[in-house]
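Peer 1:
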Ligand code: NAP
């Protein structure tokens, strides 16, 4: 059925907001940065790889947007604790924070009994502590402006377990709890805090995971991938980015403390 002309929903307009997107060099973070920019936000891109950040920035500028890059290793607390001030220096105070950077489970998959403490510590620092540090960093300006959006990319593994992914599941469950607390604490200040919980998305991180699982289960990779979600196959990064743009928009002003599964129907709670 066609939408009558006078009922066309308005496209989100994120001008004059300024977003910081971590892990913006590739994958989901790159798609989020591009879609936030297409909706009118200026974006500060962060990750370790300067080359990948520059590629994302070039794509945004080619499309007519404004982007700046700040290299930062979120596994290093001395770097994560200064990222927000470096980001604020680019276009002005950050009022949309997207905590997207993450360490995937398949970087070092093992049963918990065989876990390496170093990988546990790394996962906690990047997936849980960095969102805590960055959220604390952006809150003063958001409270002053009485407007802010914190959007954290958790995972369906923040709601259900996955084999050989103990640190990943623990940090993703943890970050949902952290974001719910922040949502409650700042609900009356015009600041919303939400999580997005992706299922399997076609990115470098998930490529490693699905290869690991297909080998472990003795399955053909293509068949394994096709059966990953009830809808079929894996998601595209843009499927996740669309929800981030919505949550950043004024249309979502009454939504806070939520964790939305975007996962092809894989997790239904
Ligand atoms: P990806 O393609 O591997 O991208 C990860 C991004 O995070 C990269 O830009 C990477 O850049 C950055 N990053 C990693 N370690 C970092 C560090 N120590 N400091 C700063 N930046 C760092 O992964 P993705 O799939 O897009 O994942 C993005 C988010 O979605 C993660 O939080 C992940 O857990 C979540 N997620 C993904 C899926 C999926 O199926 N893909 C499913 C559920 C949730 P550098 O390496 O240059 O630092």
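Numbering (our numbering), first residue to last: 2 to 270. Every residue, glycine too, gets a C-beta built ideally from N, C-alpha and C.
(1) So is the beta-carbon of residue 110 under 8 angstroms away from any non-hydrogen atom of ligand 1?
(2) So does the region 104–115 actually touch the region 78–90, counting three or more Cβ pairs closer than 8 angstroms?
(3) Unbroken alpha helix (DSSP H) runs of length 4 or more, entirely within the region 43–94: which are they?
(4) Under three-state DSSP, which class holds residue 183?
(5) Using the C-alpha atoms, what's the distance from residue 52 back to residue 261?
(6) Rounded to a whole number of angstroms, what is the C-alpha to C-alpha distance between residue 56 and residue 26?
(7) Excluding the 5 residues flanking residue 72 on each side, which residues of the same chain have their C-beta closer than 6 angstroms to its C-beta?
(8) Look at the alpha carbon of residue 266 and the alpha carbon of residue 70, and state the distance between them as a whole number of angstroms.
(9) Determine the extent of the alpha helix (DSSP H) in which residue 124 is found, giving its start and end residues.
(10) Which same chain residues end up closer than 6 angstroms to residue 32 when comparing Cβ atoms and leaving out the 5 residues on each side of it in sequence?
(11) By Cβ distance, which residues of its chain are closer than 8 angstroms to residue 92, with the 5 residues on each side in sequence left out?
(12) Verify the contact flag: residue 173, CB atom, against every heavy atom of ligand 1, threshold strictly below 8 angstroms.
(13) Could you check if residue 137 is buried or exposed, using at least 16 other CB atoms within 10 Å of its CB as the buried criterion?
(14) Could you check what DSSP says for residue 233 in three-state terms: helix, strand or coil?
Peer 2: The answer reads as follows:
(1) no
(2) no
(3) 51–63 and 78–92
(4) helix
(5) 31 angstroms
(6) 7 angstroms
(7) 51
(8) 35 angstroms
(9) 118–125
(10) 238, 239 and 242
(11) 19, 43, 45, 67 and 69
(12) yes
(13) exposed
(14) coil
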